[in-house]
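There are 4 protein chains.
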Amino acid sequence: MSRVRVAIVGGSGYTGGELIRLLLFHPLVEITQVASGSQAGHFVHSAHPNLRKISTLRFCYPDDLTSCDVLFLCLPHGVSSGEIERYRTLAPRVIDLSGDFRLRSPELYRRWYGHEHKAPALLSEAVYGLPELHRSELSEAALVSGTGCMATTSILGLAPLYRAGIVKQSIPLVLEAKVGSSAAGAKAGPASHHPDRSGAVRSFEPTGHRHTAELIQELGQPGSELQQLVAFSATAIELVRGILVTAHVFLNERLDERAIWRIYREAYQREPFIRLVKERNGVYRYPEPKILAGSNYCDVGFELDVEQQRVVVIAALDNLMKGAAGNGVQALNCMFGWDETLGLTFPGLHPV
Amino acid sequence: MSRVRVAIVGGSGYTGGELIRLLLFHPLVEITQVASGSQAGHFVHSAHPNLRKISTLRFCYPDDLTSCDVLFLCLPHGVSSGEIERYRTLAPRVIDLSGDFRLRSPELYRRWYGHEHKAPALLSEAVYGLPELHRSELSEAALVSGTGCMATTSILGLAPLYRAGIVKQSIPLVLEAKVGSSAAGAKAGPASHHPDRSGAVRSFEPTGHRHTAELIQELGQPGSELQQLVAFSATAIELVRGILVTAHVFLNERLDERAIWRIYREAYQREPFIRLVKERNGVYRYPEPKILAGSNYCDVGFELDVEQQRVVVIAALDNLMKGAAGNGVQALNCMFGWDETLGLTFPGLHPV
Amino acid sequence: MSRVRVAIVGGSGYTGGELIRLLLFHPLVEITQVASGSQAGHFVHSAHPNLRKISTLRFCYPDDLTSCDVLFLCLPHGVSSGEIERYRTLAPRVIDLSGDFRLRSPELYRRWYGHEHKAPALLSEAVYGLPELHRSELSEAALVSGTGCMATTSILGLAPLYRAGIVKQSIPLVLEAKVGSSAAGAKAGPASHHPDRSGAVRSFEPTGHRHTAELIQELGQPGSELQQLVAFSATAIELVRGILVTAHVFLNERLDERAIWRIYREAYQREPFIRLVKERNGVYRYPEPKILAGSNYCDVGFELDVEQQRVVVIAALDNLMKGAAGNGVQALNCMFGWDETLGLTFPGLHPV
Amino acid sequence: MSRVRVAIVGGSGYTGGELIRLLLFHPLVEITQVASGSQAGHFVHSAHPNLRKISTLRFCYPDDLTSCDVLFLCLPHGVSSGEIERYRTLAPRVIDLSGDFRLRSPELYRRWYGHEHKAPALLSEAVYGLPELHRSELSEAALVSGTGCMATTSILGLAPLYRAGIVKQSIPLVLEAKVGSSAAGAKAGPASHHPDRSGAVRSFEPTGHRHTAELIQELGQPGSELQQLVAFSATAIELVRGILVTAHVFLNERLDERAIWRIYREAYQREPFIRLVKERNGVYRYPEPKILAGSNYCDVGFELDVEQQRVVVIAALDNLMKGAAGNGVQALNCMFGWDETLGLTFPGLHPV
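Chains as they are written, first to last, in UniProt numbering: chain D, 1 to 352; chain E, 1 to 352; chain F, 1 to 352; chain V, 1 to 352.
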């Protein structure tokens, strides 16, 4: 079988590098080109030193891209929507890992991004590329969007409870994300300066974070947004890769732990990349992002306060993997009807 | 002026060591004895290597303690309440930094600690040793309790809003604490094993944490507990010292940022150890625990979502300082009518 | 082709866990049993949480081991040599990853380990399992030894210079290893307690480290030990996985950089797991262990001080991979004449 | 007694910030001005957030500096030597913490800095501001130089052995420094980008580091440089503050441990900021930089290999304190005949 020909735009960043790493080892894919405006001409391993001796690919100029089967866009937010028409002429299927095509509604986009979308007509066509929620739509999709790393963690942790209809929506949903430094990208600056960033526990955008919009869209009823107040805050912590989201959900009925377990098991028992983690003993009783580095798993756990009818949902993933490039490859696998785990079998390390 | 004679029980742990460090440099205090069952006979600096060349004190046996002016108890939770009578014969004033005398109500204690208190008659007498809330009671107190490190952070962050009567108590109060490894004490074990603990983002007691009880007591109306649902969870992160609490409070009226500012300023403008931190620029816009290591400050900031009538309160401190030993010394200063900053002027480091 | 049947003794430690992870994905191997005295009956993923959903293997008792094709021993130092006869009845080929069979000479063993070897007759038979130096011997070997993690790093960094005969042996060889916490194993204790171990830069065994003996054996002439003084010291640093060795070698002739390059290239150009790293630009100009976590690479670089006739050799690897389990799997591949990279293709992550 | 009036040039960097922190609490000093070209007009605490609520000082423009008693220069290397005449008109005593006036010999400067010195006539006048070696010269000095952070660690560790005449100088002196990220300064860039710098073990300038020149000058005989080959390399590790140097010294006679102890004790017993650290038990048996953060101590330890006649010297300090600003304040105290510990009593934290 001839390999599917994939090209990447914006390959010098962290998501691009992770995508290259995954696709180089994908048995059904061939990387044809990797474009980078800033690194054109250089070896891919000059930006991604883990790929030394693995690949002799070089970055090309974006203008030198030729046609391929699938085009991945790993551009900064706001860029791909302005150039999407050109990219779509290069490949019949485009996967955009930026934030540009995550929201279905131009209004929701405007509300959270603060400006008009540049290609609003395409929003309804694009598929939110989370296989666990949109698997069937992916098989036919020509334009697939990546998913926000903190949004993915939150949505995968909460979707089963929302779909089961047990969440009391008159009480606000409060979520707190703890996130590593790689989520802020490969560009150096004062906020990432090691003496200041190391050991930091830094609140950023305690209100108004854009990933909230994805939660509102994906946790709502099919066809309509969630009307519940969503209070999402994020804290950057000492960690390079990884996200842990803690969410407090109040229930509209009194359920015991087994009932919650059942809901999660039914939702996720066939999912290759979701693990339910809730143990009585040991130090890894709940999801722990550090053992997920490099893996495509999203680990989900919970603790129930029966009296308060409250579930604390705890979900973790690697922001560059299930939160970005890994999920993109899983979506690609869905789009072509392949085994979803192709190229994604690395289980993570312990200890690490 | 002759120095006040202070002894310490349980001096080989982290809180004990910090207390020794502070009192050795306190201009009005003399450390007479430091007891430790496990380290008796050894130099204090064998347990606390930062005190090499600073002090030639040795640990004594707890049974060898003689009378003094003030006795600090730095024992594990549940121990001091069983031996409190003996300790009170040694000193007219006792400061217990464990959790044993933090709650005024035996019922609240039983509910959160899961067993009967061993000296319930003393609970009403003990003073919750947070100067910002109980300064006047401290001057006469014979039995003072230390305060829980995460409780202190939360209470100092939230008290002004509760005292101002602007919190909508029909919505649960959700708090998430991020905490360093020193909060779990000096005893090694699998949970603190470096290859597993390093880089961890570990949920512990997502529901039911005992510090919740202190919030319920201290944020309630004078004389009665808070009836609002309190949802407190904590996550251990890569950090040795420090706590950052993120709390989501909904308001019962629509207020602007200046109104919230005014409430905080009025509450805290004369407090020597509380700083309001909320800046427009830079990377230290909100409280950051890492620059508080070794200092007695509690930094408090907030962000308002006007539309949602929600305040995200962010508070930070060093769990061994303002969250334990430093706050204990501040309480001591209050008890003797001294300048509260005596022995506590170290401002913290940057970078660190 | 039927898979080679492999069993593991001592599977609950870090090296054992890494070995299980690698062999579970090895295309020509089947894990038949994993023994652990302390964890027998428990799932393998209870000790190695990264293997959740990957394997439903359970630990068995060491006494329940049955015969297999290859037996890996991951026991504490000093244990396997006392039980080696029993283990050899279980499998025709044994790979011992402890320190027991690394040295060929009972005298060298006694000198560095401080006691007599328990099975000295086997020492001459065992093969030092470093494929880069002993590839041909591995194919027939019945007893293969793992290699010390810091010794492996040092030997791979230095062997080409020694083999080229350019090292001035009248000057002591000085090496300094920087090493992460996982090298000290899975057992918790005061030395690994996070508040003390975190951020540590801790000298240990500044003189007399046992890995020195492996250098003396492997850098010496075939059949005789190195007579040069070897000064090896090690410092534990903030890192879980990884070793970086800096070695200072003085040359017996004046060589330029190209000559040194040529020596390394000739020695290593066909080695699948050694990369020469020496770049003019960027932040990854020399070997960096953090991007090797989970990979089997040993990266080697150098800097020449022409005037001093001194080469600073810099070598890095993951102590649990090329320094232990990964190298063990590479040796296994050699023993069976397979492609050496089978099961070892993970390239490491960036950033991480 | 009126306070000595001190001004600082280059106050927005890390050394400048540390100096401000120390001098704000110094009982005999008044800070009159702090100049910063980039931060003029801003509060000092906007660059140094640990000083919030401590000081309302603002940065002034360098051109607005007026006369004072002592002027500290915290400028980038190469700057102060070009403007030194102007600065000397502002104050009768100048302390330059950059590298410009550390070397006495213009030739040595040219050899290691690669260009001519801009004010060579002043080199012989300047005093190398290390009180332990140049205390008496400091009392009269008008121009005092700061000391390189890694050089200070190395020199303090080794000077007693050199002064005792026991070092075999025919064998090269090999030193390896492990150093935190703050030593590279406050300016952000790719080398300090957290995802890349975090967890790094990064060789930099394995040969040719400028601090070598200070060792050659200060370990040599009075009036002449060391002729021994000095092989100094440095590795940046995961740490913000702190340096640990490991040095291998060969002896020209066979000495036992007590003899080495005696040499160190005689050299340092009256030094307020040097501690000999060499213990049989515990995890802090050798110098450990992490417990020195914020303190002015240099901890020195050693291990002897009697057979090899080799001493491994281990020395640690905080690069911003004893390696820069703290040592500068100690030098200031010497210059004015004050107690050397004024303003420098903070003992460091444990745990941290």
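Quick reminder that beta carbons are idealized off the backbone N, C-alpha and C, glycines included.
Taking only beta-carbon atoms, is E/Lys-53 less than 8 Å away from chain V?
Counting from 1 along the second sequence, the entry for residue 53 of chain E is found at position 53. Closer than 8 Å: yes.
Pick out whichever of V/Ser-55, V/Val-4, V/Lys-53 has its Cα sitting closest to the Cα of V/Val-29.
Counting from 1 along the fourth sequence, the entry for residue 29 of chain V is found at position 29. Considering only alpha carbons, the answer is V/Val-4.
According to DSSP, simplified to helix, strand and coil, what is V/Lys-290?
Within the fourth sequence, numbered from 1, the residue matching residue 290 of chain V stands at position 290. It is helical.
Any C-beta of chain V within less than 9 Å: which residues of the region 33-57 of chain D qualify?
none
Measure the CB-CB distance between V/Asp-305 and F/Gly-208 and report whether it falls below 8 Å.
As a position in the fourth sequence, residue 305 of chain V is number 305, starting the count at 1. As a position in the third sequence, residue 208 of chain F is number 208, starting the count at 1. With contacts defined by Cβ atoms closer than 8 Å, V/Asp-305 and F/Gly-208 form a contacting pair.
Taking CB distances under 8 Å as the criterion, tell me whether F/Gly-199 reaches chain V.
Residue 199 of chain F sits at position 199 when you count from the first residue of the third sequence. Yes, contact with chain V.
Name the chain V residues whose beta carbon is nearer than 7 Å to that of E/Val-352?
Locating residue 352 of chain E in the second sequence gives position 352, counting from the first residue. By Cβ distance, chain V contributes Val-240, Arg-241, Ala-293.
For E/Ile-20, does the three-state DSSP call read helix, strand or coil?
Here residue 20 of chain E corresponds to residue number 20 of the second sequence, with the count starting at 1. Correct three-state label for E/Ile-20: helix.
I'd like the list of long-range same chain contacts for E/Arg-210, defined as Cβ closer than 8 Å, with 5 residues on each side in sequence excluded.
As a working note, residue 210 of chain E is residue 210 in the second sequence. For E/Arg-210, where only same-chain residues beyond five positions count, the Cβ hits under 8 Å are Gly-99, Trp-112, Tyr-113, Gly-148.
Return no unless some Cβ of chain E is closer than 8 Å to the Cβ of D/Glu-132.
The residue labelled residue 132 of chain D in the question sits at position 132 within the first sequence. So no, D/Glu-132 is outside the interface.
Amino acids of chain D, ordered along the chain, whose beta-carbon sits closer than 7 Å to that of F/Gly-348
Within the third sequence, numbered from 1, the residue matching residue 348 of chain F stands at position 348. Correct list: Asn-50.
Under a Cβ-count criterion, where at least 16 other Cβ atoms within 10 Å of its own Cβ denotes burial, should V/Glu-303 be classed as buried or exposed?
By 1-based counting over the fourth sequence, the position of residue 303 of chain V is 303. Around the beta carbon of V/Glu-303, 16 or more other beta carbons sit within 10 angstroms, so the residue counts as buried.
Are the region 139-156 of chain D and the region 84-98 of chain D touching by the rule of at least three beta carbon pairs closer than 8 Å?
yes
Would you say F/Gly-11 and F/Ala-40 are within 8 Å of each other, going by their C-beta atoms?
As a working note, residue 11 of chain F is residue 11 in the third sequence. As a working note, residue 40 of chain F is residue 40 in the third sequence. Not in contact: F/Gly-11 and F/Ala-40 (Cβ atoms no closer than 8 Å).
Please compile the residues from chain B whose C-beta is within a distance smaller than 9 Å of the C-beta of V/His-193.
As a matter of chain content, chain B is missing from the structure shown, whose protein chains are D, E, F and V.
Helix, strand or coil, according to DSSP, for D/Gly-328 in the structure here?
Stepping through the first sequence from its first residue, residue 328 of chain D is reached at position 328. In the structure shown, D/Gly-328 sits in a helix (DSSP, three-state: H, G or I).
Starting from the C-beta of D/Leu-133, find all residues in its chain whose C-beta is less than 8 Å away, skip the five residues before and the five after it, and write them out in chain order.
Sequence index remark: in the first sequence, residue 133 of chain D carries index 133 (1-based). The residues are Ile-155, Ala-159, Glu-218.
Members of the region 314-343 of chain V near chain E, C-beta cut-off 7 Å:
none
List, in order along the chain, the chain E residues whose C-beta lies closer than 8 Å to that of D/Pro-160?
Locating residue 160 of chain D in the first sequence gives position 160, where the first residue counts as 1. Per Cβ cutoff of 8 Å: no residues; D/Pro-160 is ~17 Å from chain E at best.
Find the nearest neighbour of V/Ala-141 within the set V/Pro-347, V/Val-352, V/Phe-336, V/Gly-343, judged by alpha-carbon distance.
On the fourth sequence, residue 141 of chain V is found 141 positions in, with the first residue counted as 1. That would be V/Phe-336, whose Cα lies nearest to the Cα of V/Ala-141.
Contact belief for D/His-194 with V/Ser-192 at Cβ below 8 Å, rounded distance in angstroms
The count along the first sequence starts at 1 and reaches residue 194 of chain D at position 194. The count along the fourth sequence starts at 1 and reaches residue 192 of chain V at position 192. The Cβ separation is near 5 Å, so the contact holds.
Contacts of D/Val-174 in chain E (Cβ-Cβ under 7 Å)
Position 174 of the first sequence, counted from the start, is the residue given in the question as residue 174 of chain D. Residues of chain E passing the Cβ test: Val-174, His-248.
Looking at V/Val-9: is its Cβ nearer than 8 Å to the Cβ of V/Cys-74?
Within the fourth sequence, residue 9 of chain V is the residue found at index 9, counting from 1. Within the fourth sequence, residue 74 of chain V is the residue found at index 74, counting from 1. Yes; because the gap between Cβ atoms is below 8 Å, this pair is in contact.
Given 8 Å, three or more beta-carbon pairs between the region 44-60 of chain E and the region 333-352 of chain D:
no
Through-space distance from F/Glu-18 to residue 361 of chain F, alpha-carbon basis:
Nothing can be reported for residue 361 of chain F: it is not among the residues displayed for chain F, which extend from 1 to 352.
Within its chain, find whatever has a CB closer than 8 Å to the CB of F/Ala-91; leave out the 5 residues flanking it on each side and keep chain order.
Counting from one through the third sequence, the residue named residue 91 of chain F turns up at place 91. Taken in chain order, the residues that qualify are Ala-7, Ser-67, Cys-68, Asp-69, Val-70, Leu-71.
Let me make sure I understand the geometry here. Which of V/Thr-235, V/Ala-213, V/Gly-16, V/Gly-326 has the alpha-carbon closest to that of V/Glu-225?
Looking up residue 225 of chain V in the fourth sequence gives position 225. V/Glu-225 has its Cα closest to that of V/Ala-213, out of V/Thr-235, V/Ala-213, V/Gly-16, V/Gly-326.
Going by C-alpha to C-alpha distance, which of V/Ser-139, V/Gly-242, V/Leu-344 sits closest to V/Ala-183?
Position 183 of the fourth sequence, counting from 1, holds the residue named residue 183 of chain V. Nearest C-alpha to V/Ala-183: V/Gly-242.
Nearest to V/Ser-295 by alpha carbon, out of V/Glu-307, V/Gln-330, V/Gly-301?
Within the fourth sequence, numbered from 1, the residue matching residue 295 of chain V stands at position 295. Nearest option by C-alpha distance: V/Gln-330.
Let me check one thing: in DSSP terms, what residues is F/Ala-177 bridge-paired to?
Here residue 177 of chain F refers to the residue found at position 177 of the third sequence. Per DSSP, F/Ala-234, F/Val-245.
Relative to chain D, which residues along the region 211-237 of chain E have a C-beta separation below 7 Å, given in chain order?
Leu-229, Ala-231, Ser-233, Thr-235, Ile-237
Identity of the residue in V/Glu-83, V/Pro-287, V/Gly-82, V/Ser-38 nearest V/Tyr-61 by Cα
The residue labelled residue 61 of chain V in the question sits at position 61 within the fourth sequence. The residue with the shortest Cα to Cα distance from V/Tyr-61 is V/Ser-38.
Step through the CB atoms of chain D and report whether any lies within less than 8 Å of the CB of E/Leu-244.
As a first step, residue 244 of chain E is located in the second sequence; it is residue number 244 there, counting from the start. E/Leu-244 counts as touching chain D.
Three-state secondary structure (DSSP) of F/Gln-217:
Residue mapping note: residue 217 of chain F aligns to position 217 of the third sequence, counting from 1. Three-state DSSP puts F/Gln-217 in a helix.
Does D/Thr-345 have its Cβ less than 8 Å from a Cβ in chain E?
Working through the first sequence from its first residue, we reach residue 345 of chain D at position 345. Judged by the 8 Å Cβ criterion, D/Thr-345 is not in contact with chain E.
Mind checking whether D/Val-245 and D/Leu-175 have CB atoms under 8 Å apart?
Locating residue 245 of chain D in the first sequence gives position 245, where the first residue counts as 1. Locating residue 175 of chain D in the first sequence gives position 175, where the first residue counts as 1. Closer than 8 Å, so yes.
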